[in-house]
Every structure is written in C-alpha cells, then in structure tokens.
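Report on the structure given below.
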Amino acid sequence: MRKSVYILGLGLAVSIILSCGKRNKDDNLCLPIDTFADGDLAFRRGAGLLSRVVVTADQGGMYSHVGILKRRGNEWYVIHAVPDEPDFEGDADRVKVEPVNRFFGPDRAVCGAVMRFKGDSSIARRAAQAAWHIGSQKLRFDHHYNLEDTTEMYCTELVNHVYRKAGTDLSEGRISHIDVPAFSGSYLLPSDIADNRQLEIIFQFVR
435 MRKSVYILGL GLAVSIILSC GKRNKDDNLC LPIDTFADGD LAFRRGAGLL SRVVVTADQG
495 GMYSHVGILK RRGNEWYVIH AVPDEPDFEG DADRVKVEPV NRFFGPDRAV CGAVMRFKGD
555 SSIARRAAQA AWHIGSQKLR FDHHYNLEDT TEMYCTELVN HVYRKAGTDL SEGRISHIDV
615 PAFSGSYLLP SDIADNRQLE IIFQFVR
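Residue numbers for the sequence shown follow my numbering, beginning at 435 and rising by one.
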C-alpha cells in the first residue's frame, strides 16, 4: 500500500509494533539452496514501517511479504510484487525477479521462511513457471488491491493467482477484512496463504 496509507493506518489504528526477536550478529545468512524446489514460497518480514503495519493489520501473522521461488540455471530467484523497492531512479512499483539472497538480504528481512506445498509437486512447478512469465512482463504493482483484476498484482495476489492457475487455491477461500481509518477493506494477507494446511516450513531464520 502507498506509504501515506500505511502511515495513517499505523498512527490511527495500531499501537503494538511486533518484532521477530534478537538479530544474529552475523548477517551472512546461510540459505539451504540445495533443498529448495520450484514453487516454494518465500516469506519475509521487513524492518521498516510499512512491514510493521502489514504485520499489525494481519493479526497473528508472522510475515509481511511473500514471493515464489524459481530456479534458472544454477541460481534461485524469487518472483514477487513489491512497492517502494526501485532498482533504479524512476523504476515503477512492479513484479520483480530477484536473487533469493537479495530477497532475504539484511536490509530487506529481519526474519523469514521458505514453505513448500505438500501436494502434487507438478502444481508447484507450474505455478513457478507462471510466476516467472509474469515477472518477465514486469507487471505493475496493484495499489488498488483488487483481486478481480489481474492486470496488476500485489504480493499475495500474485502467489495465489499462479497457484490457482496451476490447480489449487492456497488461500483456501480465506480473506482478511480490515476496518481501520485509512486502511479498510478486504485484503489477501500473508497469513491467509501461510495458514494453508498443505504448506510445510522447510527453512526459517531470525536475525
């Protein structure tokens, strides 16, 4: 959501700022890339104000953002829809394809997890391929948070959309209804995805 919306929502409606815990002294995160698979979901919580607002609005949720993993050659990438992380001056908010170590970088994530869909692995592979295609198109970020319009997408919308195309609804019909000043409506939040009973955690970290 736009910064002004997040700031207003935080200032007017929430007073508790959650944290993941104490950071490790060593920020060189050791990612178990040999265990990753196409279609795994990469969750993270950022250190900034925007991430704190998302987590606070997502009552009980651990994470503020999610993307989907895809391997190309010897490298692992995360496809994710994100605002306010331009790669260059004038870069639009859009779906990005980034190396996994950048996605989980110390300036981007204070904690995170990789979760795997325990169902048919071909579903996960097809979802990852669809996400890669969307990422190559640099689809714009959906600042209207409209789940009915797939010409623009936000993070959870992207992940759920590609999995639905592949044959399963990760949200299992869950949707979060938020009613606070400047931050009201129905949103697909990270916990709506993470609560899927067919997802298992294969990696977690806290800095």
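In this text, a Cβ means the ideal position worked out from N, Cα and C, and glycines have one as well.
Simplified DSSP state of residue i, which is helix, strand or coil
i: Y621; result: strand
i: V531; result: strand
i: Q638; result: strand
i: K552; result: coil
i: C545; result: strand
i: D468; result: helix
Whole-Å CB distance - residue i paired with residue j, under 8 Å assumed
i: Y588; j: A515; result: 5 Å
i: K504; j: D472; result: 5 Å
i: S498; j: V512; result: The Cβ separation is near 14 Å, so there is no contact.
i: M549; j: F639; result: That belief does not hold up - the Cβ atoms of M549 and F639 are roughly 13 Å apart, past 8 Å.
i: I609; j: D626; result: 6 Å
Nearest candidate by alpha-carbon position, reference residue i, set the options
i: P517; options: N508, R542, P533; result: R542
i: R528; options: I568, F537, A561, T469; result: I568
i: P533; options: W566, H577, V544, D554; result: W566
i: A562; options: D521, P624, D583, N594; result: N594
i: F537; options: D613, R479, S555, S610; result: R479
i: L581; options: I636, V596, C545; result: V596
i: G501; options: L475, N508, D603, G507; result: L475
Neighbour-count burial assignment, residue i, 16 or more Cβ in a 10 Å radius
i: A526; result: exposed
i: S605; result: buried
i: F575; result: buried
i: K552; result: exposed
i: E586; result: buried
i: G507; result: exposed
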